[in-house]
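**Q** Questions regarding the structure given below will be posed in turn.
Protein chains: 2
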Amino acid sequence: MAVLLDTKCLVCKKSSDIFNVLKESELEKIDCNKASIIYKPGEIIFKQGAPANYFVCVTSGLVKLYIEHVNSRNLIVGLTRPINYIFEPGPFVDHHHHVTAVACEETSACLIDEKVMKQLIKTNTEFANEFIKKISLQSVSLFNRISSCTQKHVYGRVADTLLYLYPGIYNTNPFLLSLTRQDLADLSGMTKESLIRVLKKFKDDNIINIEGNKLEIINRNNLEEIARKG
Amino acid sequence: MAVLLDTKCLVCKKSSDIFNVLKESELEKIDCNKASIIYKPGEIIFKQGAPANYFVCVTSGLVKLYIEHVNSRNLIVGLTRPINYIFEPGPFVDHHHHVTAVACEETSACLIDEKVMKQLIKTNTEFANEFIKKISLQSVSLFNRISSCTQKHVYGRVADTLLYLYPGIYNTNPFLLSLTRQDLADLSGMTKESLIRVLKKFKDDNIINIEGNKLEIINRNNLEEIARKG
DNA sequence: TTTCTGCGTTGATATATATCAATCAAAAGG
DNA sequence: CCTTTTGATTGATATATATCAACGCAGAAA
Numbered sequence: 005m006a007v008l009l010d011t012k013c014l015v016c017k018k019s020s021d022i023f024n025v026l027k028e029s030e031l032e033k034i035d036c037n038k039a040s041i042i043y044k045p046g047e048i049i050f051k052q053g054a055p056a057n058y059f060v061c062v063t064s065g066l067v068k069l070y071i072e073h074v075n076s077r078n079l080i081v082g083l084t085r086p087i088n089y090i091f092e093p094g095p096f097v098d099h100h101h102h103v104t105a106v107a108c109e110e111t112s113a114c115l116i117d118e119k120v121m122k123q124l125i126k127t128n129t130e131f132a133n134e135f136i137k138k139i140s141l142q143s144v145s146l147f148n149r150i151s152s153c154t155q156k157h158v159y160g161r162v163a164d165t166l167l168y169l170y171p172g173i174y175n176t177n178p179f180l181l182s183l184t185r186q187d188l189a190d191l192s193g194m195t196k197e198s199l200i201r202v203l204k205k206f207k208d209d210n211i212i213n214i215e216g217n218k219l220e221i222i223n224r225n226n227l228e229e230i231a232r233k234g
Numbered sequence: 005m006a007v008l009l010d011t012k013c014l015v016c017k018k019s020s021d022i023f024n025v026l027k028e029s030e031l032e033k034i035d036c037n038k039a040s041i042i043y044k045p046g047e048i049i050f051k052q053g054a055p056a057n058y059f060v061c062v063t064s065g066l067v068k069l070y071i072e073h074v075n076s077r078n079l080i081v082g083l084t085r086p087i088n089y090i091f092e093p094g095p096f097v098d099h100h101h102h103v104t105a106v107a108c109e110e111t112s113a114c115l116i117d118e119k120v121m122k123q124l125i126k127t128n129t130e131f132a133n134e135f136i137k138k139i140s141l142q143s144v145s146l147f148n149r150i151s152s153c154t155q156k157h158v159y160g161r162v163a164d165t166l167l168y169l170y171p172g173i174y175n176t177n178p179f180l181l182s183l184t185r186q187d188l189a190d191l192s193g194m195t196k197e198s199l200i201r202v203l204k205k206f207k208d209d210n211i212i213n214i215e216g217n218k219l220e221i222i223n224r225n226n227l228e229e230i231a232r233k234g
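These protein sequence lines map, in sequence, to chains A and B.
Be aware that the first sequence starts at 5, since it is given in the working numbering, and climbs by one per residue.
Be aware that the second sequence starts at 5, since it is given in the working numbering, and climbs by one per residue.
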C-alpha cells in the first residue's frame, strides 16, 4: 500500500500551484499537518462517498478523477499532473468525496488537514483568491467535459480527449501512454471497443499514429476541426 | 428589453445568499456599483463567449443556464431561483462567459461590478469563504449533472430532472411548469420527442400526472428508484 | 373572422453506439 | 517451464435514441 515520504513544503514551493502565495510560516504550518504519501499505479487516493477531511496536492505522477456509477461504467472528469491541488468540493459541502481519485502512474501526494487549509483561506486573502481562481479553472474544464460528452459524437469526443492529453498531460509528441484504453474510453464517455474503433479510424486517416502505448498526433489541425464539428 | 429597477441591497439582505455576511458599508459599496434589471421570459442575461465583467445575482423569477453547441442543441447545466448568486467561473479565468443565462419567467437580477466583488473577496475573508462554499455547491451539482447525462438512460435522466424540479425549483406539488418541453429535454440531455415519450410512460405508470403545464409527482419513491438504476 | 406561428404530440424509420463473443498478445504468477 | 490473467482488437448483432414527418391545437397577428 501507500508509503510515507518526507518532504518539506518549502522545497517544492517553487512551482507549487496555489501554495506559492503562502508565507514561510504558513508553509511550515502545512508541513506540520500533512501526510506525504506514495501510491502505486491503480491505488486509490480517495473514494467517492468516503469522508473528505483533507485536501490533496499531487506532487509527482498522474492521477485520474472519476465519477463512479452503479453499472460499473466510470466517467473520468479530469487528470491531474504535479504540482497541482486536486479540487474536490466535498470539504466545503458535505465532507464527502464526490469523485474517486486513483493513481495512474507511481504518484506522490500530500494530504493536508482540512482545518489548516480552511484556516489559511480565512486568514490569507491572497491564498483564498488563488484558491477561487483554481476552482474556477476546474469548473471551466468541467463545462468543457460536459459539453463534449453530451453534445458530440464519438469522433469529436475522442478528438477532445487527444487534445486534452497533448499538450497538458503529456508534453512530448509522440508520447508514451500511461493510461489504458479503458481509461481513454472513460475519459471520452464511451466503451473501450468504440474508442479503439475511433483511434483506428484516426490512424487510417493519418491524423494520429498509435502503436501499443506510443501515441503520436500527426495532424493537430484536423483533430481540432473534428472536435469543433463534434 | 431590460428595465431598470431600484432596490437597495440592504432591503433584500435577509435572504440574500452569500451576501448576508457583508457589513452595511460593504453592501452600500455594492449598491453604488450594481445595475438592477428586469428581464422578460426568453431574454438573455448573458451569453456564452461574451465578455464577463460583472457578477449576477438573481433577485426574482427563474433563470436557466445552458451550454450552447454548434448543432444548436443546448444543455441546461442548472436553474437558478432567487435569491441566488450565479456562479460563472469566467471572471476568474478568462473574463468570458462559459454558459448562457436566459430568463424563463419574468426575472429581476442585479449585475454587480466585477472589481467590487473581487475587492470584497480580498478584504472580507468571511465573504470569500461563503463564496467558495457557493462554488463548491455548484460544482457538486455539476458532477451530478455530468453523471446523470453521461451514465444513465432516458428514464433515469428524466427522473433526475423531475427530482431536481421538485422540490427546489418548484415547491408545490402539483406545480405549474414555466419551462417548455424543449427546456426539460435540454435539462435531461435528450430530444424533445424522447422527453415527451418518457413523460408519457411515467404517466401511464402512474408515477406522475401531467396535463399541459400542470405536473404532479405521484410516486416519488418510484422516481428515485428509476434515477438510481439509471 | 382567417391565417399564421410556435409548441406539443405521435408514429415510422434511421443510425450511432453498445453489447456480445471470439481471438490474440503480453504480462504475471505458480 | 506452463498456466492464468489482463488488456487490446475485431466482427456480428442488438438496441437506445435521434431524426424525420405529419398533425392538432392554442394564441397571436392580420
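Yeah, the Cβ is synthetic: ideal placement off N, Cα and C, and Gly gets one too.
#1: Is DSSP giving Phe50 of chain A helix, strand or coil here?
#2: Which residues mark the beginning and the end of the alpha helix (DSSP H) in which Asn213 of chain B is found?
#3: Short of 7 angstroms in beta carbon distance, which residues of its chain neighbour Asn226 of chain B, apart from the five on each side in sequence? Order them along the chain.
#4: Where do the ends of the alpha helix (DSSP H) carrying Val15 of chain B lie?
#5: So, at 7 angstroms on beta carbons, what are the nonlocal neighbours of Lys12 of chain A in its own chain, with the 5 sequence-adjacent residues on each side left out?
#6: List in chain order: all unbroken beta strand (DSSP E) runs of 3+ residues lying wholly within the stretch 67 to 139 of chain A.
#7: If you run the structure through DSSP and keep just helix, strand and coil, what is Val7 of chain A?
#8: Under DSSP, the beta strand (DSSP E) around Lys207 of chain A begins and ends at which residues?
#9: Can you give the Cα-Cα distance for Thr176 of chain A and Ile22 of chain A, rounded to whole angstroms?
#10: Which same chain residues end up closer than 8 angstroms to Asp187 of chain B when comparing Cβ atoms and leaving out the 5 residues on each side of it in sequence?
#11: Under 7 angstroms, CB to CB, which of the residues in the stretch 150 to 184 of chain A have a partner in chain B?
#12: Rounded to the nearest angstrom, what separates Ile139 of chain A and Leu115 of chain A at their Cα positions?
#13: Are the stretch 131 to 150 of chain A and the stretch 78 to 94 of chain A touching by the rule of at least three beta carbon pairs closer than 8 angstroms?
#14: What does a CB cutoff of less than 6 angstroms around Ser64 of chain A pick up in its chain, not counting 5 residues either side in sequence?
#15: What separation, rounded to the nearest whole angstrom, lies between the Cα atoms of Ile200 of chain B and Arg185 of chain B?
#16: Roughly how many angstroms lie between the CA atoms of Phe96 of chain A and Leu141 of chain B, to the nearest whole one?
#17: Taking just the CA atoms, how far does Val74 of chain B sit from Ser29 of chain A?
#18: Could you tell me the alpha carbon to alpha carbon distance between Glu228 of chain B and Leu169 of chain B, rounded to whole angstroms?
#19: If you follow the beta strand (DSSP E) that Tyr58 of chain B is part of, which residue opens it and which one closes it?
#20: Going by beta carbon distance, what residues of the same chain come within less than 6 angstroms of Glu134 of chain B, once the five residues before and after it are set aside?
#21: Residues of chain A with CB under 9 angstroms from Phe147 of chain B, in chain order?
#22: For the stretch 37 to 50 of chain B against the stretch 212 to 226 of chain A, do three or more pairs of beta-carbon atoms, one drawn from each stretch, fall closer than 8 angstroms, so that the two count as touching?
#23: Contact check, Pro178 of chain A vs Leu219 of chain A under 8 angstroms by CB: the rounded distance?
#24: So, Ile136 of chain B versus Ile41 of chain A, is the Cβ gap smaller than 8 angstroms?
#25: When you compare the CB positions of Val62 of chain B and Asn88 of chain B, do they come within less than 8 angstroms of one another, or not?
#26: Name the chain A residues whose beta carbon is nearer than 7 angstroms to that of Asn133 of chain B?
#27: Assuming Thr165 of chain B and Ser182 of chain B make a contact with CB atoms under 8 angstroms, what is their CB distance in whole Å?
#28: Please name the residue in A:His157, A:Ile173 and A:Ala132 whose C-alpha comes closest to that of Ile230 of chain A.
**A** For this structure:
#1: Here residue 50 of chain A refers to the residue found at position 46 when the first sequence is read from its first residue. It is a strand residue.
#2: What you label residue 213 of chain B is simply residue 209 of the second sequence in a count that begins at 1. That residue, Asn213 of chain B, is in no alpha helix (DSSP H); its beta strand (DSSP E) goes Ile212 to Glu215.
#3: For the purposes of this step, residue 226 of chain B is taken as residue 222 along the second sequence, with counting starting at 1. Once the five neighbours on either side are set aside, the close Cβ partners of Asn226 of chain B are Ile211.
#4: One-based indexing of the second sequence puts residue 15 of chain B at position 11. Unbroken run through Val15 of chain B: none, as it is neither H nor E.
#5: Here residue 12 of chain A is taken as the residue at index 8 of the first sequence, counted from 1. Excluding five sequence positions before and after Lys12 of chain A, the CB atoms of its chain that fall closer than 7 angstroms to its own CB belong to Asp35, given in chain order.
#6: The qualifying runs are 67 to 71, 79 to 84, 88 to 90, 104 to 107 and 111 to 117.
#7: Within the first sequence, numbered from 1, the residue matching residue 7 of chain A stands at position 3. At Val7 of chain A, the pLDDT of 49 sits below 50, so the modelled position is not reliable and the matter cannot be decided from this model.
#8: Against the first sequence, residue 207 of chain A aligns to sequence position 203. First-last for Lys207 of chain A: Lys196 to Asp208, but that is the alpha helix (DSSP H), not the beta strand (DSSP E).
#9: Locating residue 176 of chain A in the first sequence gives position 172, where the first residue counts as 1. Locating residue 22 of chain A in the first sequence gives position 18, where the first residue counts as 1. About 25 angstroms.
#10: For the purposes of this step, residue 187 of chain B is identified with residue 183 of the second sequence, where counting begins at 1. Hits under 8 angstroms: Lys68, Ile80 and Cys108.
#11: Correct list: Ile150, Ser151, Cys153, Thr154 and Gln155.
#12: On the first sequence, position 135 is the one that residue 139 of chain A refers to. On the first sequence, position 111 is the one that residue 115 of chain A refers to. The alpha-carbon atoms of Ile139 of chain A and Leu115 of chain A are separated by roughly 18 angstroms.
#13: Yes: at least three Cβ pairs fall under 8 angstroms.
#14: For this step, residue 64 of chain A is matched to residue 60 along the first sequence. Answer for Ser64 of chain A: Pro86 and Ser112, listed in chain order.
#15: As a first step, residue 200 of chain B must be located in the second sequence, where it is residue number 196. As a first step, residue 185 of chain B must be located in the second sequence, where it is residue number 181. Cα to Cα, Ile200 of chain B sits roughly 7 angstroms from Arg185 of chain B.
#16: Translated into positions along the first sequence, residue 96 of chain A becomes position 92. Translated into positions along the second sequence, residue 141 of chain B becomes position 137. The alpha-carbon atoms of Phe96 of chain A and Leu141 of chain B are separated by roughly 8 angstroms.
#17: Numbered from 1 along the first sequence, position 25 holds the residue referred to as residue 29 of chain A. Numbered from 1 along the second sequence, position 70 holds the residue referred to as residue 74 of chain B. Our two residues, Ser29 of chain A and Val74 of chain B, have alpha carbons roughly 50 angstroms apart in a direct line.
#18: As a first step, residue 228 of chain B is located in the second sequence; it is residue number 224 there, counting from the start. As a first step, residue 169 of chain B is located in the second sequence; it is residue number 165 there, counting from the start. Distance between the alpha carbons of Glu228 of chain B and Leu169 of chain B: 13 angstroms.
#19: By one-based count along the second sequence, residue 58 of chain B stands at place 54. Looking at the DSSP string, the run of the beta strand (DSSP E) that includes Tyr58 of chain B is Tyr58 to Ser64.
#20: Taking the second sequence and counting its residues from 1, one reaches residue 134 of chain B at position 130. In its chain, beyond the 5 residues on either side, Ile22 and Val25 have a beta carbon closer than 6 angstroms to the beta carbon of Glu134 of chain B.
#21: Within the second sequence, the letter at position 143 stands for residue 147 of chain B. Ordered by position in chain A, the residues that pass the 9 angstroms Cβ test against Phe147 of chain B are Ile71, Val81, Pro93, His102, Val103 and Leu146.
#22: The answer is no - the stretch 212 to 226 of chain A does not touch the stretch 37 to 50 of chain B, with fewer than three Cβ pairs under 8 angstroms.
#23: To locate residue 178 of chain A, count along the first sequence from 1; it is residue 174. To locate residue 219 of chain A, count along the first sequence from 1; it is residue 215. About 6 angstroms separates the two Cβ atoms, so the contact holds.
#24: Numbered from 1 along the second sequence, position 132 holds the residue referred to as residue 136 of chain B. Numbered from 1 along the first sequence, position 37 holds the residue referred to as residue 41 of chain A. Cβ atoms of Ile136 of chain B and Ile41 of chain A: not closer than 8 angstroms.
#25: Along the second sequence, read from residue 1 onward, the residue named residue 62 of chain B stands at position 58. Along the second sequence, read from residue 1 onward, the residue named residue 88 of chain B stands at position 84. Yes. Within cutoff.
#26: In the second sequence, the residue the question calls residue 133 of chain B occupies position 129. The answer, in chain order, is Ile125 and Lys126.
#27: Numbered from its first residue, the second sequence carries residue 165 of chain B at position 161. Numbered from its first residue, the second sequence carries residue 182 of chain B at position 178. In this structure, Thr165 of chain B and Ser182 of chain B do not form a Cβ contact; the two beta carbons are roughly 14 angstroms apart against a cut-off of 8 angstroms.
#28: As a working note, residue 230 of chain A is residue 226 in the first sequence. The closest CA to that of Ile230 of chain A, considering only A:His157, A:Ile173 and A:Ala132, is found on A:His157.
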